[in-house]
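Visitor: The structure follows.
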Amino acid sequence: MTNGLTWKIGGEAGFGIMAAGAILSRAFARAGLYLASTNEYPSLIRGGHNTYTIRVSDKEIFSIIRSVNLLVALNQETINLHQDELTKDAGMIFDADDKNIKPAKGFHLYPVPLLKLATRDGGAKLMMNNVALGASLAVVDLPFEILAGVIADIFARKGEEIIRENIQAAKAGYEF
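So, in structure tokens, the structure goes:
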């Protein structure tokens, strides 16, 4: 990861965009990587567009850059708003089963059935973000155990069942 990576997730407010960014930031830090992150959200409670961007490298970094190497699009609006930020060799993770999402052409596409994997064992739609995190970690080739540990720590006060469900959703994305 010498040249680094800029990862961005986007989607509707209220669907765990900020939580996903915070979780992945911690996972990258636990992997011993340097990072800078930022988030963007409207003043709406639900329905606006949120993003979380992480720049990560094995060398010290000091700021975010506009170019994105891996975009996680939880909705079409994310693609519409951010495809111009993608580098020529960028990747895009999106819900393969969402007929409203039309991925941008010319990029490495990672169609993952985010909603199906999030809900297949009784999980909530909100867990799509964790499925996407698992897929993201697989794309950048980091061990799943790092992500599982961060999820366990972040959801510790919510109980074992919530931890298990969130780790299960992330693992489904990682293994897909």
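Be aware that the sequence shown starts at 1327, since it is given in our numbering, and climbs by one per residue.
Even for Gly, the Cβ is constructed at its ideal location relative to N, Cα and C.
1) Between the C-alpha atoms of Asn1365 and Ala1496, what's the straight-line distance to the nearest angstrom?
2) For a quick check, are the C-beta atoms of Asn1455 and Gly1330 less than 9 Å apart?
3) How big is the Cα-Cα spacing for Gly1499 and Phe1388?
4) On a Cα-Cα basis, can you pick out the residue from Ala1345, Ile1335, Gly1340 that is closest to Asn1476?
5) Hey, how far is the Cα of Asp1415 from the Cα of Lys1431?
6) Do Asp1384 and Leu1359 have their C-beta atoms closer together than 9 Å?
7) Could you check the C-alpha separation between Phe1433 and Leu1412 for me, to the nearest Å?
Guide: To lay it out plainly:
1) 21 Å
2) no
3) 30 Å
4) Before going on, a small fix: residue 1476 reads as Val here, not Asn. Answer by Cα proximity: Ala1345.
5) 11 Å
6) yes
7) 8 Å
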